[in-house]
Amino acid sequence: MRKPIEIKIGESRYQLLYTVRSLERFEQYLGTSLFSVISSVLVNGAVGMVQSATIHFIISGLRAGLLNQPKNFDAYDFVDMYCENGGNIGELAKYIVDAVVESGLFTQGTPKKEAPMKKKNHR
1 MRKPIEIKIG
11 ESRYQLLYTV
21 RSLERFEQYL
31 GTSLFSVISS
41 VLVNGAVGMV
51 QSATIHFIIS
61 GLRAGLLNQP
71 KNFDAYDFVD
81 MYCENGGNIG
91 ELAKYIVDAV
101 VESGLFTQGT
111 PKKEAPMKKK
121 NHR
């Protein structure tokens, strides 16, 4: 089961959660393959994060995956509010990447264990 990633701003808590539908919307906002961005981060670590996680990436990720957005949600205001409360855009980018990875669509799942075959007793 996917679990949302929590972002705290002051006393308020927000959650990021991605589904196939919201990830597709994320790609539309980005205008590029999300797979290539996430692969770069997963393969290259911090260097991949710096190269891939642009402000456009952050804004697009918030628009696509932030749960319970008010009708007039403005991702730019959200980023400003987060940074004014002691956060930074690097942290927001990491939350978004973590939430995308948590979706389970960009990592290999745990293989299902097959039940051991029972030996039949023939008489």
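Using the working numbering, read the sequence shown as starting at 1 and increasing by one per residue. The beta carbon of each residue, even a glycine, is placed where N, CA and C say it ideally should be.
query, result
"Backbone secondary structure at Y18 - three-state DSSP", "coil"
"Paired residues, beta bridge with R13 - DSSP", "K8"
"Three-way DSSP call (helix, strand, coil) for L34 in this model", "helix"
"Beta-carbon gap between F106 and A64 smaller than 8 Å", "no"
"Three-way DSSP call (helix, strand, coil) for L66 in this model", "strand"
"G86 (DSSP reduced to helix, strand or coil)", "coil"
"Minimum C-alpha distance to F124 - residue among V20, I7 and A75", "Since the first and last residues shown for the chain are 1 and 123, residue 124 lies out of range."
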